[in-house]
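First residue of the sequence shown? That's 1 in full-length UniProt numbering, and the numbers climb one at a time after it.
Even glycine gets a Cβ: it sits at the ideal position worked out from N, Cα and C.
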Amino acid sequence: MQRVISCMLILGFVSGTLCLSSNAQMKYSNVMDYGAHGDGTTDDSNAILNAWNGVCGGEGPATLLIPSTKTFLVKRLKLNGPCKAPNVAIKGGSGYARKITFEEIILQDVKNSIIIDQYYDIKTQSEGESAVKVSEVSYRGFNGTSASDKAINVNCSPSGCSDISMDQIYIVSSQPSRKAYAFCQNAKGTIGNTVPKVSCV
């Protein structure tokens, strides 16, 4: 099934390593440069996948840019990790992130499997502020393994995230001797069958 995703911010979901800053030269890759149309009717799945492979396969820190003024039609995507790049971020802009659905995603030894982070740009915010208002974000049908112990990170500012939903989530550590866990603060919504357990929503 195809789904339309229109968003101001893609919330870093299967990045190799999400990092807020780096001393190395950051590489920026815009999905539009990989052939995405962003018109809401043309299938942009391949363009987004190619853009992901471009930033994930690079040697230096990288950011995948999703234009906030566009609407992207995508089918099921499989974004593999870990990435060669030491730091990979997926960002949009300021404003709001709402009515976003991430569904049927397979994870293979990735770091930062599910992230909502209102502190993603600490240089432009003070404590307690959020550049992006987050609401109506749904995660459903995530299965696989996490390379980091913190498999789920819901890091909302004191202003909070609202209408966050998770269901049919099963993420375990890629290392059998370790246990994956979830971090969550200042979020409201509904939690269904989710492993690891998310307690603050």
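Whole-number beta carbon distance between VAL154 and ALA97, since they are thought to touch under 8 Å
Here residue 97 refers to the residue found at position 97 of the sequence shown. Here residue 154 refers to the residue found at position 154 of the sequence shown. Between VAL154 and ALA97 the Cβ distance is about 13 Å, and since that is not below 8 Å, they are no contact.
Where do the N-terminal and C-terminal ends of the alpha helix (DSSP H) with CYS200 fall, by residue?
Position 200 of the sequence shown, counted from the first residue, corresponds to residue 200. No alpha helix (DSSP H) contains CYS200, which DSSP labels as neither H nor E.
For the alpha helix (DSSP H) holding ASN50, just list the boundary residues, first then last.
By 1-based counting over the sequence shown, the position of residue 50 is 50. Counting along the chain, the alpha helix (DSSP H) containing ASN50 begins and ends at 45 to 56.
Rounded distance between the beta-carbons of LEU107 and GLY144, thought under 8 Å
In the sequence shown, the residue the question calls residue 144 occupies position 144. In the sequence shown, the residue the question calls residue 107 occupies position 107. Rounded, the Cβ-Cβ distance is 3 Å, consistent with contact.
Can you give me the Cβ contacts of GLY182 inside the same chain, cut-off strictly under 6 Å, excluding the 5 residues immediately before and after it?
The sequence position of residue 182 within the sequence shown is 182, counting from 1. Inspection of the sequence shows that residue 182 is occupied by Ala rather than by Gly. Here the set comprises ILE152, PRO196, VAL198.
Is the Cβ-Cβ distance between MET166 and VAL201 less than 9 Å?
Taking the sequence shown and counting its residues from 1, one reaches residue 166 at position 166. Taking the sequence shown and counting its residues from 1, one reaches residue 201 at position 201. Closer than 9 Å, so yes.
Going straight from the alpha carbon of ALA51 to that of LEU64, what length do you get?
Counting from 1 along the sequence shown, the entry for residue 51 is found at position 51. Counting from 1 along the sequence shown, the entry for residue 64 is found at position 64. Each residue's Cα considered, the two are about 7 Å apart.
Exposure label - ASP44; buried when at least 16 CB within 10 Å:
Taking the sequence shown and counting its residues from 1, the one referred to as residue 44 is at position 44. The residue is buried, with at least 16 neighbouring Cβ atoms inside 10 Å.
CYS161 versus LEU73 - alpha carbon distance:
Counting from 1 along the sequence shown, the entry for residue 161 is found at position 161. Counting from 1 along the sequence shown, the entry for residue 73 is found at position 73. Near 25 Å, if we compare the C-alpha coordinates of LEU73 and CYS161.
Can you tell me which residues form a DSSP beta bridge with CYS184?
What you label residue 184 is simply residue 184 of the sequence shown in a count that begins at 1. VAL154.
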